[in-house]
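S.K.: When we follow UniProt numbering, the leftmost residue of the sequence shown carries the number 1, and every step to the right adds one.
Beta carbons are placed, not taken as given, at the ideal position from N, Cα and C, and that holds for glycine.
This structure is a prediction, so every number in the text was calculated from the model and none was measured.
Please read through the structure below; I'll follow up with questions.
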Amino acid sequence: MRRVAIIGGGPAGLMAAERVALAQAGASTVDRVDIDIFDAMPSPGRKFLIAGVGGMNITHAEPLPDFIARYAGRAGELAPLLADFGPQALREWIHGLGIETFVGTSGRVFPREMKAAPLLRAWLHRLRGQGVRLHARHRWLGWTADGRLRLATPAGEVALAAEATVLALGGGSWAKLGSDGAWVPLLAAAGIPVAPLQPANCGFDVAWSPYFRERFAGAPVKAVIGTCGGLRQQGEFNVTAGGIEGGLVYALAAPLRDALAAGQPAQLFLDLAPGRSLERLRSDLARPRGRDSLANHLRRQAGIEGVKAALLREFCPPEALTVSDRLAAAIKALPLPVEAPRPLDEAISSAGGVRFEALDAALMVRERPGLFVAGEMLDWEAPTGGYLLTACLATGFRAGNGVVDWLRRPR
1 MRRVAIIGGG
11 PAGLMAAERV
21 ALAQAGASTV
31 DRVDIDIFDA
41 MPSPGRKFLI
51 AGVGGMNITH
61 AEPLPDFIAR
71 YAGRAGELAP
81 LLADFGPQAL
91 REWIHGLGIE
101 TFVGTSGRVF
111 PREMKAAPLL
121 RAWLHRLRGQ
131 GVRLHARHRW
141 LGWTADGRLR
151 LATPAGEVAL
161 AAEATVLALG
171 GGSWAKLGSD
181 GAWVPLLAAA
191 GIPVAPLQPA
201 NCGFDVAWSP
211 YFRERFAGAP
221 VKAVIGTCGG
231 LRQQGEFNVT
241 AGGIEGGLVY
251 ALAAPLRDAL
261 AAGQPAQLFL
271 DLAPGRSLER
281 LRSDLARPRG
291 RDSLANHLRR
301 QAGIEGVKAA
311 LLREFCPPEA
321 LTVSDRLAAA
331 IKALPLPVEA
341 PRPLDEAISS
351 AGGVRFEALD
361 AALMVRERPG
371 LFVAGEMLDW
381 EAPTGGYLLT
391 ACLATGFRAG
401 NGVVDWLRRP
411 R
């Protein structure tokens, strides 16, 4: 019996396995293959489950051109994959598992129960019914000299032959959940081009003053607009003892990270009063203070208090705090300097990975026929909001279909 090996039991690997299994449904006995998923963890989909703890955001309902643009430098490579399996196809696929979805006020799409576990259970049940076999605690170690897969198992190392292999081992973040990037040197040794893994959707270190750190660590900064590298995003973030994290920061992480990597200063410009124009702030702040302290003046005339007022004092030159025009300008574009991204293992996702230039349209490695790559192992990144999961599933969909075509080739 021939074998298809899926290395990695996350969304991309499971989707690839499903595509092959669906094609097997109408295959003759002589054309059938075993479909085996090997995962290093005790159970599949661990990062998927953790990502859904706070509310399983599966995709986004914005128009497809806007959706594709979220992938920035790799939008061109991902566009045809998302055309085959994009946000709407993903929702229909989930409905086929018996899971209802809804669109939130922000345009994000969620399962009705807001949880990942029911979705994963239903999916695994269907895969087993389709003949897919899952093998836990099986860590991929590379290839033998004759091209077989090396796997560390509870019973010791084994070598398995596979007619087609899909690598879907995740990126380099959240090592404790299985995405540890240990595959990078294995692929590099095999001559497969890999862009260095970097943190994406991550927090950043900031050199707070001792007073600010002690007083405001843990404080949320709400209703602000952040700008960096031509990107502009409204949202909120959290102050930490060592820096900043949260949705707004993650959305602007790529230009901040890239500026630091290029040896340039990296600043997140904050509009602390997005509901007020610069002209109005100038007018309001120019009103006589009387006996009001600066803190009261900011609160009364600009609605700035608490952590926002502290951020102004932290990064605005002291002389600017007493000049209404300069103070208004600082409120609308306060430069918050960041020093370094948080470590890769703390990031929600990673950038870098197997370069698309090394793959054909089916995501097969050009120089290694029969080897496909999917998911976060590929060199792309995207913000949170459903974009990560959608692209992982779309790449698994394409790789799985590629395996089917590969198996059907004339032999």
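Using a Cβ-Cβ distance cut-off of 8 Å, determine whether alanine 189 contacts chain C.
M.R.: The chain inventory of the structure shown lacks chain C, comprising one protein chain alone.
S.K.: Please report how far the alpha carbon of glycine 246 lies from the alpha carbon of alanine 145, in whole angstroms.
M.R.: 46 Å
S.K.: How is the beta strand (DSSP E) around leucine 244 delimited, first residue to last?
M.R.: Residue identity check: residue 244 is isoleucine in the sequence provided, not leucine. In the DSSP assignment, isoleucine 244 falls within the beta strand (DSSP E) that extends over 243-245.
S.K.: Compare the beta carbon distance of alanine 361 and glycine 396 with 8 Å and say whether it is the shorter of the two.
M.R.: no
S.K.: Buried or exposed: histidine 125, going by 16 or more other Cβ atoms within 10 Å of its Cβ?
M.R.: exposed
S.K.: Can you tell me where the beta strand (DSSP E) holding serine 283 begins and where it ends?
M.R.: No beta strand (DSSP E) contains serine 283, which is instead part of the alpha helix (DSSP H) from 278-285.
S.K.: How far does the alpha helix (DSSP H) with aspartate 36 in it reach, from first residue to last?
M.R.: Run containing aspartate 36: none in the alpha helix (DSSP H); it sits in the beta strand (DSSP E), 33-38.
S.K.: Could you give the residue range of the alpha helix (DSSP H) that holds cysteine 392?
M.R.: 387-407 is the span of the alpha helix (DSSP H), which, as asked, contains cysteine 392.
S.K.: In three-state DSSP terms, what is leucine 252?
M.R.: coil
S.K.: Going by C-alpha distance, which of Leu22, Met377 and Phe237 is nearest arginine 128?
M.R.: Arginine 128 has its Cα closest to that of Leu22, out of Leu22, Met377 and Phe237.
S.K.: Using 8 Å as the cut-off, can you tell me whether the stretch 379-394 makes contact with the stretch 146-155, which would need three or more C-beta pairs spanning the two stretches below that distance?
M.R.: No, because fewer than three Cβ pairs between the stretch 379-394 and the stretch 146-155 fall closer than 8 Å, the two stretches do not touch.
S.K.: Determine the closest residue to valine 323 out of Glu314, Arg289, Phe356 and Pro118, with distance taken between C-alpha atoms.
M.R.: Arg289
S.K.: Among Ala219, Thr227, Gly230 and Gly76, which one has its Cα closest to the Cα of phenylalanine 237?
M.R.: Ala219
S.K.: Among Gly9, Pro199, Pro80 and Gly86, which has the Cα closest to the Cα of lysine 47?
M.R.: Gly9
S.K.: Less than 8 Å separating the beta-carbons of alanine 166 and alanine 16?
M.R.: At residue 166 the sequence reads valine, which differs from the alanine that was named. In contact: valine 166 and alanine 16 (Cβ atoms closer than 8 Å).
S.K.: Which whole-angstrom value is the C-beta distance of isoleucine 244 and glutamine 234, which I expect to be below 8 Å?
M.R.: The Cβ separation is near 16 Å, so there is no contact.
S.K.: Alpha carbon to alpha carbon, how far is alanine 182 from alanine 190? Give it in angstroms, no decimals.
M.R.: 14 Å
S.K.: Suppose you measure from the CA of arginine 213 to the CA of phenylalanine 110; what does that come to, to the nearest Å?
M.R.: 36 Å
S.K.: Report the rounded CA-to-CA distance for proline 87 versus leucine 298, giving the unit in angstroms.
M.R.: 44 Å
S.K.: Give me the Cβ distance between alanine 328 and leucine 285, rounded to the nearest whole Å; I'm assuming they're in contact under 8 Å.
M.R.: 5 Å
S.K.: Got a sec? Which residues, its chain only, sit under 7 Å from isoleucine 90 by beta carbon, not counting five neighbours each side?
M.R.: Note on identity: in this sequence residue 90 is leucine, with isoleucine being the wrong assignment. Within the same chain, leucine 90 has close Cβ partners Ile58, Thr59, Thr390 and Leu393.
S.K.: Using 10 angstroms around the beta-carbon of glutamine 24, count the other beta-carbons present and answer buried if the total reaches 16, otherwise exposed.
M.R.: buried
S.K.: Please list the segments of the beta strand (DSSP E) lying wholly inside the stretch 140-211, counting only runs of 3 or more residues, in order along the chain.
M.R.: 149-153, 156-160, 164-167 and 194-200
S.K.: For glutamate 279, count neighbouring Cβ atoms within 10 angstroms of its own Cβ and tell me buried if that reaches 16, exposed if not.
M.R.: exposed
S.K.: Just how far apart, CA to CA, sit valine 403 and valine 221?
M.R.: 47 Å
S.K.: Are the beta-carbon atoms belonging to tryptophan 140 and isoleucine 37 less than 8 Å from one another?
M.R.: no
S.K.: Please classify tyrosine 387 as buried or exposed, where buried requires at least 16 other C-beta atoms within 10 Å of its C-beta.
M.R.: buried
S.K.: Which of the three DSSP states, helix, strand or coil, is assigned to proline 335?
M.R.: strand
S.K.: Between the C-alpha atoms of asparagine 201 and leucine 407, what's the straight-line distance to the nearest angstrom?
M.R.: 37 Å
S.K.: Tell me the DSSP secondary structure of leucine 272 in three-state form.
M.R.: coil
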